[in-house]
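First comes the structure, then the notes that go with it.
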Amino acid sequence: MLRWETYKVKNGESAAILFSRVGLSARLLHELVSSDKEVEKQLTRLRPGDRLQFGFDENSDLVQLRRTLSAFETFRITLKDGKYVSEVDKKEVDFQYNYAEATIKSNFWNAGISSGLNGNQIMELAGIFGWDIDFALDIRKNDSFRVLYQEEVVEGEVIGRGKIIAAIFKNQGDTFTAILDQKSGKYYDENGRAMKKAFLRAPLDFRRVSSNFNPRRLHPVTGRVRPHRGTDYAAPVGTPIWAAGDGVVQKSSYNKFNGNYVFIKHSNTYITKYLHLTKRTVRAGQRVKQGQTIGTLGGTGRVTGPHLHYEFLVNGVHKNPRTVNLPQSKSLTGKARQTFMANAKVSMDKLERYSKLLAMK
Numbered sequence: 001m002l003r004w005e006t007y008k009v010k011n012g013e014s015a016a017i018l019f020s021r022v023g024l025s026a027r028l029l030h031e032l033v034s035s036d037k038e039v040e041k042q043l044t045r046l047r048p049g050d051r052l053q054f055g056f057d058e059n060s061d062l063v064q065l066r067r068t069l070s071a072f073e074t075f076r077i078t079l080k081d082g083k084y085v086s087e088v089d090k091k092e093v094d095f096q097y098n099y100a101e102a103t104i105k106s107n108f109w110n111a112g113i114s115s116g117l118n119g120n121q122i123m124e125l126a127g128i129f130g131w132d133i134d135f136a137l138d139i140r141k142n143d144s145f146r147v148l149y150q151e152e153v154v155e156g157e158v159i160g161r162g163k164i165i166a167a168i169f170k171n172q173g174d175t176f177t178a179i180l181d182q183k184s185g186k187y188y189d190e191n192g193r194a195m196k197k198a199f200l201r202a203p204l205d206f207r208r209v210s211s212n213f214n215p216r217r218l219h220p221v222t223g224r225v226r227p228h229r230g231t232d233y234a235a236p237v238g239t240p241i242w243a244a245g246d247g248v249v250q251k252s253s254y255n256k257f258n259g260n261y262v263f264i265k266h267s268n269t270y271i272t273k274y275l276h277l278t279k280r281t282v283r284a285g286q287r288v289k290q291g292q293t294i295g296t297l298g299g300t301g302r303v304t305g306p307h308l309h310y311e312f313l314v315n316g317v318h319k320n321p322r323t324v325n326l327p328q329s330k331s332l333t334g335k336a337r338q339t340f341m342a343n344a345k346v347s348m349d350k351l352e353r354y355s356k357l358l359a360m361k
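So for the sequence shown, full-length UniProt numbering puts the first residue at 1; every next one is plus one.
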């Protein structure tokens, strides 16, 4: 029977330092890393927090070394017939469904946590519906959501959360439905229309936004009445600002009114503008992708406090970015749509079944 000792890799600790701490020689380490390319890879790429188990025989000789790679994978080095050999032990991962729902009382994040979703799932849900709902400013009390998602199970124990399979979000009286297409990994509504649009509703992380900055039409500095040509987001200085859609940077500059600003031309029809940035991270003429960071929020120019002023223009006319109809990405057609619609019905039936079961508790 082996005697096992478990060690966690410390900050700045190499395999050589770890082996010394365990009481193993540099010669043994050299023997191990020379025996197998995979062993060399595993032992020369240790990270702080990695968990290694050392198995010793009655003579205190190393017989087996295990490195935990994940909840279902373990890298193992074993002494066999005088030589060290390696293998990866993979446990079978099963999937099961789970369900969460909540009505928003204070904010979306808190509702997500109270429903049992974790942080990654809350952000995933916001990402799925982020082309239809401005999660920074348009979430209201009594909005609600229902979510069917997968869980990863190993030997009867839940080890992680999988993808969201289907979800329904009710926002200010409107109902939005999203269903995962298992083949493409993309989300579509109940009619096979892509959830993804050409533009994000909000060009920053909703968790960072504290309010709709200065909704009045009076200019905060001059006091004059002015048309409100965009949406203002109050958030901490340095908050990353994202390109709302793919396009080419038309302007990246500074003036005393706009401060640091970026204008992006997305087509002959659409232009978006981002004002009062602390810094700009793109240059004029540069191509950008939807969600790419183009700068950080600040308080430069003629403003009374840090915020992002965001404008959305259609054929040169200012539109409300939170309500304007956005062009869609490609939706499903033909056989792909037929297959999706059949699978979508199964997913939605599961969601409804779980919802009823929860209501009965």
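Note that the Cβ used here is the ideal one computed from N, Cα and C, for glycine as well.
Distance CB(residue i)-CB(residue j) smaller than 7 Å
i	j	result
THR323	GLY259	no
TYR99	LEU52	no
PHE72	VAL93	yes
LEU200	ILE241	no
ARG146	SER355	yes
TYR84	PRO203	no
VAL209	ALA235	yes
SER114	ALA102	yes
THR269	ASN315	yes
GLU190	THR177	yes
ILE179	SER35	no
GLY192	PHE340	yes
PHE75	PHE135	no
Residue i versus residue j: straight-line alpha-carbon distance, rounded
i	j	result
GLN172	GLY230	21 Å
ALA342	GLU155	31 Å
TYR261	PHE108	30 Å
TRP131	LYS273	18 Å
LYS186	LEU125	13 Å
GLY295	ALA336	39 Å
TYR97	ILE264	42 Å
GLU31	ASN59	19 Å
ASP50	ILE159	17 Å
ASN214	LEU277	With a pLDDT of 43 at ASN214, under the threshold of 50, the predicted position of this residue should be treated as unreliable, though the coordinate-derived value follows. In a straight line, the C-alpha of ASN214 is about 17 Å away from that of LEU277.
GLN182	ARG302	49 Å
ASP349	ALA167	12 Å
LYS345	LYS196	20 Å
ALA111	GLY334	38 Å
ALA359	LYS170	18 Å
SER267	ALA198	11 Å
LEU69	VAL317	54 Å
LEU275	GLY238	13 Å
VAL225	GLY298	Here the model assigns VAL225 a pLDDT of 47, short of 50, so the residue's position is not dependable, and the following value carries that caveat. Going from the Cα of VAL225 to the Cα of GLY298 covers about 24 Å.
LEU29	GLU5	17 Å
ALA194	GLU13	47 Å
LEU137	ASN255	28 Å
PRO321	ARG353	36 Å
GLN121	GLN338	28 Å
LYS143	PRO48	The displayed chain sequence assigns Asp, not Lys, to residue 143. Cα to Cα, the separation comes out at about 42 Å.
PHE257	LYS141	36 Å
Cβ neighbours of residue i in the same chain (closer than 7 Å, five flanking residues each side left out)
i	result
GLU80	Here residue 80 is Lys; the residue named in the question, Glu, does not match the sequence. Cβ within range, chain order: n/a, list empty.
GLY162	PHE95, TYR149, GLN150, GLU151, GLU152
GLN292	TRP242, ALA243
LEU326	TRP131, LYS197, ALA198, PHE199
Sequence-distant residues of the same chain with beta carbon closer than 8 Å to residue i, five excluded per side
i	result
VAL33	ALA15, VAL39, GLU40, LEU43, THR44
ALA283	For the sequence presented, residue 283 should be read as Arg rather than Ala. The residues are VAL249, SER252.
LEU313	TYR270, ILE271, THR272, LYS273, LYS319
ALA26	ALA16, PHE19, SER20
Same chain only: Cβ atoms within 6 Å of residue i, ignoring 5 sequence neighbours per side
i	result
ASP246	LYS289, GLN290
residue 375	This structure cannot settle anything about residue 375, because the visible part of the chain is limited to 1 through 361.
ASP57	VAL63
GLN286	VAL249
LYS91	PHE72, VAL154
Nearest-angstrom beta carbon gap, residue j and residue i [assumed within contact, 8 Å]
i	j	result
ILE133	ILE164	Not confirmed; about 15 Å, so no contact.
LEU2	GLY55	4 Å
LEU46	VAL22	That pair is no contact at about 13 Å.
ILE139	ILE104	6 Å
TYR188	LEU332	6 Å
Which runs of the alpha helix (DSSP H), 4 residues or longer, sit entirely within the stretch 14-39?
-> 15-22, 26-35
What beta strand (DSSP E) runs, 3 residues minimum, are completely inside the stretch 84-172?
-> If only uninterrupted beta strand (DSSP E) runs of at least 3 residues are considered, those enclosed by the stretch 84-172 are 94-103, 144-154, 157-171.
Please go through the stretch 275-359 and give each complete beta strand (DSSP E) segment of 3 or more residues, from N-terminal end onward.
-> 293-297, 308-314, 317-319
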